[in-house]
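Visitor: One structure, pasted below without further comment.
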Amino acid sequence: MEPFADGDDFIARAANFGPDLVIMDIQLPNVSGISLIEAMKGDLRLRDVPILAVTAYAGKGDEEKIRDAGAEGYLSKPVSIHPFMSAVNALIDRRAAA
Numbered sequence: 002m003e004p005f006a007d008g009d010d011f012i013a014r015a016a017n018f019g020p021d022l023v024i025m026d027i028q029l030p031n032v033s034g035i036s037l038i039e040a041m042k043g044d045l046r047l048r049d050v051p052i053l054a055v056t057a058y059a060g061k062g063d064e065e066k067i068r069d070a071g072a073e074g075y076l077s078k079p080v081s082i083h084p085f086m087s088a089v090n091a092l093i094d095r096r097a098a099a
C-alpha cells in the first residue's frame with residue numbers, strides 16, 4: 002500500500018511502482034479526483050489499473066460521472082467493511098482474469 006496526500010505527484014509515483022488497484026477519494030486537495038482518474042486512464046502505464054472511487058458525492062448522476070471518467074468501482078461514504086472488501090476483491094479478481 003502506498004498512500005498519497007494529494008494528486009500532484011500521484012501519476013509519476015504510481016507508474017513507478019505499478020499498483021494492482023487504486024482506491025481513491027474523489028475529493029482531493031489540489032486536484033479533482035475525476036481529473037486524476039482521467040489522467041490515469043490516459044497514461045499507458047496506468048490505464049489498466051482498476052480504480053475504486055470512494056466518495057461523499059452520492060447525488061444523482063455522481064456515480065455515472067465517476068464511472069464515465071474511468072473508475073471501475075464506486076462506493077459512497079460512509080463505507081462498511083463488507084461492501085468495501087467485496088468491491089476490492091472483485092476488482093482484483095477481474096484484473097487477474099484479464
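Per the numbering used here, residue 2 is the first one in the sequence shown, and the count goes up by one each step. Where is the CB? At the ideal position from N, CA and C, for every residue including glycine. The structure presented is a predicted model; accordingly, all values stated were derived computationally and were not measured.
Short of 8 Å in beta carbon distance, which residues of its chain neighbour E73, apart from the five on each side in sequence? Order them along the chain.
Guide: Here the set comprises P51, I52, L53, L92, R95.
Visitor: Along the beta strand (DSSP E) that carries G74, what are the first and last residues, could you check?
Guide: Taken as a continuous stretch (DSSP letters only), the beta strand (DSSP E) holding G74 covers 74-77.
Visitor: Mapping DSSP to helix, strand and coil, what is L47?
Guide: Of the three classes helix, strand and coil, the one that applies to L47 here is coil, per DSSP.
Visitor: By a C-beta neighbour count over all protein chains shown, 10 Å radius and 16 as the cutoff for buried, is I35 buried or exposed?
Guide: It is buried - the Cβ of I35 has at least 16 other Cβ atoms within 10 Å.
Visitor: Is it the case that the Cβ atoms of L47 and A16 are separated by a distance below 8 Å?
Guide: Yes, the Cβ-Cβ distance between L47 and A16 is below 8 Å.
Visitor: Measuring CB to CB, does N31 end up less than 8 Å from D10?
Guide: Contact flag unset, no.
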